[in-house]
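The next block holds one structure in the form of structure tokens; read it before the comments.
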Amino acid sequence: MSHHRPPPPGPAPGPVPPSPALPRHAHERIAEMKAKKLFTCDLSINEFLLVKEAGFDCLGLVMGTSIYQVVPTVPKLEKGSPGCEVYEMTKALYHARDLAMSRMEQEAEELGGDGIIGVRLVVNLDGDPQRLAWKQYRQWQAWAHEQGYPRRVTNLGASWFSTWQRVAWGQWTLWCQRMGWPAQPAPWSLPPREASYALGQNVVEFMAIGTAVKHRGPESFKNKKGKPFQSDLTGQEFWMLVRSGYRPVGFVMGNCVYYVPPWLLKPTTGGFFTRAKSCELSGYTHGLYDARELAIERLQWEAEALEATGVVDVTVTEHSHAWQRSYVNLGNAALTTGEMIELFVIGTAVVPMPGADRKLQARLVHIANDRREAQRFGGREE
Amino acid sequence: MTTAQRPVPALSDLSVTEFLTLSRMGFLPHGLVVGASVYEADTSASGAQIDLWGALFGNAPLVRPVQTEEVVALSEAVRAARMLAIERMRMQAAAVNAEGVVGVRLDVEHHLWRGNHQVVKFVAVGTAIGFDHAHGPEEIRGAPTLRLANGAPFTSDLSGQDFVALLQAGYRPVTVASGTCVYQLNLQELGRYQGYNCEIAEYTRAFFDARETAMARLQYDLFSWWPVGHPDAPTGIVGMTVSETAHRPQLMGPARNAVVAGSMAPVVEFTAVGTAITPLAPGDPRRAKTTVKPLVVVPLDR
């Protein structure tokens, strides 16, 4: 098909070019770590010891970030036509992740690392003011229902964003008067536990963070491009991989933003004398199928470029990012506006190490530890 | 708080596994120790600044608009409050004659008090442990103390198992280390990016720089207390995380709409936390004679 193009990581146009270099403090931190022979890592103790056992040394925590504006562009389709990829958005989301990861890679190179393990790609959507307000709006609604306000009062419909503060504040002051309390902030206006900063609509932060490692031997573990490898493997997984004769060569990823027009989402309604039947929404299925295949195909291309023999730990995730027009009636709104979905696939490309054919022996054990307890105390015992 | 050599009923928040792992290495809990500090986040240091002096005698504008930059006053306040909480916990541990504290949790709570005071409470909680020379295993009875060179107990956010694994691998924890950087963001910047699919370079730089500064400060503080060559000089930091919390200038009532709509600068605090470690004293019998061989196991419990 014609739209099977790989997303190039090329720069997207903007009024300001992407920030090119690492911040000054990053250079300072890395220089100090090298001078004073200090390592930092975000690995647990077990992971830290296993990485050492595998013949690697931790060098330092490395990170990269990119704050990106992704503008929703809903394609204009003829009525009845199938869904399509939104190529501009695919490119933007790919570019954002690529920027974050290449900055992390730059830090690892400056530290002299062979690779980065335990990489986490964090997508921070909390910059959207509407998303923030929506949480508080729901919190207020729950409180109001508890106090006995009927739903027709609390359901503000499509204009909730501009009106809810006034209604909620009125109810809260009334409540305070009734309870004989002095004026005080309402529970939903207290700062939330997690970070929240209204950066602006459609602004998303992409962050990559991991631990740079270096092999103790003379052998270089850098990949074909001469860059440190990246992988999202935990210390345990990394140890197992190295001990069974494989080495990671890099992160590979593929994504695809797909638009499913509303007519594909509508179930067939019955006629006057016939009832609606349960049936497959074949257009929708086909759209999602296509999107997933596109994303995986792009991942495969990246793996081929690294001359990998396989990709492990592939995960497929579906995001619906912050480009929904409004948070009202999120589920049903799709029936009129259509749906915009991002399929994101990521995995670690591996190659066999020459001359290594150690076989890992596994042992069956009964575990006497309480699993819940292990989770509560964060000890990664599994 | 008792100061007996080995208080028998000592509180601890250890799990059974942690307790048994520690007691096998001769460590017993000496009590739950807590340090807290409360401070008021004065957000007036952030936002637009009026510079009367500069306007009259210098070339500066009267009102300096919000800039994307660090709020140094807030950074300093948060750093001092955190250090104080950890230091108080350490003092409590010293009072129960402990060698150190394991399982430290650093909790931050934001409150909005009357009069629109934004108050932040830092709490450090952990279990003080001590080495029992009389009841410890035969071969490690003569082990030297794990206290720091100045006699203060160590602190760490490691669990009991992690602590023992670390000792056997030949390292000891020194302290819970933290670094802070508070940044404010200029929201006017977004206007330039209307309608583009692109990176917002100024914000990226701000967030990147803030996280890096937090981590750099953590290192700087550590080495200013224990410079290279000191017996407690750290060789590494394990379990380091960088987290963020937001102090938004809070307004009461419908005026809050202005905050949500973004006319006030958000203030974001970045915090790096980890445990600094250093090698055990040479000849410490706790170091495992042979390196522990990892085993691949298939658990049968699911």
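Quick note, the sequences are listed as chains A and B, same order.
Quick note on our numbering: the first sequence kicks off at 1 and runs consecutively.
Quick note on our numbering: the second sequence kicks off at 1001 and runs consecutively.
Each residue gets a CB set at the ideal place from its N, CA and C atoms; glycine is no exception.
Pick out whichever of B:D1107, B:V1164, B:Y1220 and B:G1170 has its Cα sitting closest to the Cα of L1280 (chain B). B:G1170
Run down chain A in chain order and give the residues with a C-beta less than 8 Å from the C-beta of L1295 (chain B). R363
My parser needs the alpha helix (DSSP H) runs of 4 or more residues fully inside the stretch 1053-1101 of chain B; what are they? 1072-1095
Ignoring anything shorter than 4 residues or poking outside the stretch 243-329 of chain A, list the alpha helix (DSSP H) runs there in chain order. 262-265 and 282-305
Over what stretch of residues does the alpha helix (DSSP H) that includes A1206 (chain B) continue unbroken? A1201 to W1225
Are there 16 or more other CB atoms within 10 angstroms of the CB of H145 (chain A), so buried, or fewer, so exposed? exposed
Measuring only the C-alpha atoms, how far is Q1188 (chain B) from Y1203 (chain B)? 11 Å
Less than 8 Å separating the beta-carbons of A1165 (chain B) and I45 (chain A)? yes
With a threshold of 16 other CB atoms inside 10 Å of the CB of H366 (chain A), please say whether the residue is buried or exposed. exposed
Excluding the 5 residues preceding and the 5 following A1094 (chain B) in the sequence, name in chain order all residues of the same chain whose CB lies nearer than 7 Å to its CB. A1152 and P1153
Local conformation of T214 (chain A) per DSSP, three classes: Note that residue 214 (chain A) corresponds to Lys in the displayed sequence, not to Thr. In the structure shown, K214 (chain A) sits in a strand (DSSP, three-state: E or B).
Can you find a C-beta in chain B that's less than 8 Å from the C-beta of N255 (chain A)? no
Using CA coordinates, which residue listed in B:L1190, B:M1091, B:T1235 and B:R1286 is at the minimum distance from F1163 (chain B)? B:R1286
Below 8 Å, can you find three or more Cβ-Cβ pairs linking the stretch 118-125 of chain A to the stretch 283-300 of chain A? no
Let's test the definition: count the other Cβ atoms within 10 Å of the Cβ of I116 (chain A) and tell me whether it reaches 16, buried, or not, exposed. buried
For E1327 (chain B), which three-state DSSP category applies? There is simply no residue 1327 (chain B) to check, as chain B begins at 1001 and stops at 1302 in what is shown.
If we count the other Cβ atoms within 10 Å of its Cβ and call it buried at 16 or more, is T315 (chain A) buried or exposed? exposed
Please confirm if the stretch 102-113 of chain A is in contact with the stretch 273-283 of chain A, defined as three or more CB-CB distances below 8 Å between the two stretches. no
What is the DSSP secondary structure of P1173 (chain B), reduced to helix, strand or coil? strand
Test: H215 (chain A) CB closer than 8 Å to a CB of chain B: no
Do L1146 (chain B) and E1099 (chain B) have their beta-carbon atoms positioned less than 8 Å apart in this structure? yes
Contacts around T90 (chain A), its chain only, beta-carbon distance under 7 Å, and the 5 residues preceding and following it disregarded: P7, N255, C256 and V257
Candidates B:T1271, B:F1057, B:P1282 and B:I1277: closest to D1107 (chain B) by CA position: B:T1271
Does the separation of the CB atoms of G80 (chain A) and W263 (chain A) fall below 8 Å? yes
With 16 other CB atoms within 10 Å as the buried threshold, where does A1077 (chain B) fall? buried
Listed by chain order, chain B residues near A96 (chain A) by CB distance under 8 Å: E1199
Interface residues of chain A facing F1207 (chain B) [CB-CB closer than 7 Å]: T65, I67 and E205
Cβ pair F221 (chain A), R247 (chain A) closer than 8 Å: yes
Classify Q1168 (chain B) as helix, strand or coil using the three-state DSSP reduction. helix
Run through chain B and tell me which residues come within less than 9 Å of L360 (chain A), C-beta to C-beta. V1296
Can you tell me where the beta strand (DSSP E) with C58 (chain A) in it begins and where it stops? F56 to Q69
For the stretch 27-59 of chain A, enumerate the residues whose C-beta is nearer than 8 Å to any C-beta of chain B, in chain order. E28, R29, E32, M33, K36, K37, L38, F39, T40, C41, D42, L43, S44, I45, N46, F48, L49, L50, K52, E53 and C58
Is the beta carbon of M1089 (chain B) less than 8 Å from the beta carbon of V1034 (chain B)? yes
Status (buried if at least 16 other CB within 10 Å, exposed otherwise) for P1254 (chain B): Since pLDDT at P1254 (chain B) reaches only 39, below the 50 mark, its modelled position is unreliable, and no value is offered.
Using a Cβ cut-off of 8 Å, which residues of the stretch 1179-1204 of chain B contact any Cβ in chain A, in chain order? L1185, L1187, L1190, R1192, Y1193, G1195, Y1196, N1197, C1198, E1199, I1200, A1201, E1202, Y1203 and T1204
Check whether the Cβ of V70 (chain A) lies closer than 8 Å to any Cβ atom in chain B. yes
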